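Only one structure is covered here, and it is reproduced in the block below.
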Amino acid sequence: FALIVNILLNFYERNDKIKEKFPAEVAMHYHISTGLILQEFPKGSECPVCEIRAIVEKQIVDQFLNEAVMVDNYRDKVNKRGFCAHHYDMLLAGNSKLGVALQAITRMKALAGNVTVPKNAKDAARQADAIDKAGETCLICDLIDFNMQRYYKTIAQMYGNEREFPAMLAGTKGFCFHHYAELLRNAKEAGGKVKDYIRALAETEEKNLSRMNGELQWFCDKHDYRNREKPLGASADALPRSRTKFYGKKTI
Numbered sequence: 221f222a223l224i225v226n227i228l229l230n231f232y233e234r235n236d237k238i239k240e241k242f243p244a245e246v247a248m249h250y251h252i253s254t255g256l257i258l259q260e261f262p263k264g265s266e267c268p269v270c271e272i273r274a275i276v277e278k279q280i281v282d283q284f285l286n287e288a289v290m291v292d293n294y295r296d297k298v299n300k301r302g303f304c305a306h307h308y309d310m311l312l313a314g315n316s317k318l319g320v321a322l323q324a325i326t327r328m329k330a331l332a333g334n335v336t337v338p339k340n341a342k343d344a345a346r347q348a349d350a351i352d353k354a355g356e357t358c359l360i361c362d363l364i365d366f367n368m369q370r371y372y373k374t375i376a377q378m379y380g381n382e383r384e385f386p387a388m389l390a391g392t393k394g395f396c397f398h399h400y401a402e403l404l405r406n407a408k409e410a411g412g413k414v415k416d417y418i419r420a421l422a423e424t425e426e427k428n429l430s431r432m433n434g435e436l437q438w439f440c441d442k443h444d445y446r447n448r449e450k451p452l453g454a455s456a457d458a459l460p461r462s463r464t465k466f467y468g469k470k471t472i
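Numbering-wise (the numbering used here), the sequence shown opens with residue 221 and increments by one.
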């Protein structure tokens, strides 16, 4: 996991604004720096964990558009794991076409090794399975997942250790279903306050799902001619926000 650790350490070291606001000493007893948690939880998004993930994703993608391109062990991991379509699109949208091309050559050579003339139908089926399996992996996804597991644990730890954090969590608009499930899955990290943490998560999620449903309902009711003069209010963007609740924040 040397590559993973290097990228995660670089992510923290490169994020100067977070470092200035939340020094490393604050997070030294946690699985990962608390800076992004303290930054994103008060902002009022439909899922603050999605916002954290989006920042982490961008930082890791940037690594593969910059210094990672020229590091042998990074290139070796790209060779073995490659990128999913979503993250390849993010790389293509970045500012280093040459860097992407170099990594594409590495990965293309690796995948080309699976392409030979099959001896028979059985061998053709095996080759097809190998090609499909090779296309299911993504190094950037691996790194994001590894990083986010540390955030799920740290959020629970903060609930157990930080006096002001329970109120901050209760003041959020809840979470997307995926991240709510991940927070529940890692709830044991709250230690002696695990029951309080689970209850706080559930109550916060229930309250905000009810809020979201109410906003969607008013969006529908507003189409009734009897309500045409009434303000749409928060329901104006309820539909796109419901996308975040169902599936998480969309990133490009």
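Backbone N, C-alpha and C fix where the C-beta goes; we use that ideal spot for every residue, glycine too. From a predicted model like this one, the values you see are computed outputs, not experimental measurements.
Around the beta carbon of Gly453, fewer than 16 other beta carbons sit within 10 angstroms, so the residue counts as exposed.
Scanning the region 315-374 for uninterrupted alpha helix (DSSP H) segments of 4 residues or longer gives 317-332, 341-354, listed from N- to C-terminal end. The alpha carbon of Gly333 has as its nearest neighbour, out of Pro460, Glu449, Gln347, Ala321, the alpha carbon of Gln347. Judged by pairs of C-beta atoms under 8 Å, the region 391-409 touches the region 264-283, as three or more such pairs exist. It is roughly 45 Å from the alpha-carbon of Cys270 to the alpha-carbon of Ala341.
Annotation for Asn293: the continuous alpha helix (DSSP H) segment containing it runs 292-301.
If you draw a 10 Å sphere on the C-beta of Gln437, you find fewer than 16 other C-beta atoms in it, and that means exposed. A contact between stretches requires three or more CB pairs, one per stretch, nearer than 8 Å, and the region 374-387 meets this requirement with the region 403-411. Distance from the CA of Tyr372 to the CA of Lys317, rounded to the nearest whole angstrom, comes to 34 Å. Gly264 carries a coil assignment under DSSP once its states are collapsed to helix, strand and coil. The region 298-308 makes no contact with the region 420-432, as fewer than three CB pairs between them are under 8 Å.
Taking C-beta atoms as the reference points, Glu260 and Thr471 fail to come closer than 9 Å.
Boundaries for Tyr445: no alpha helix (DSSP H) harbours it, and the DSSP string shows neither H nor E there.
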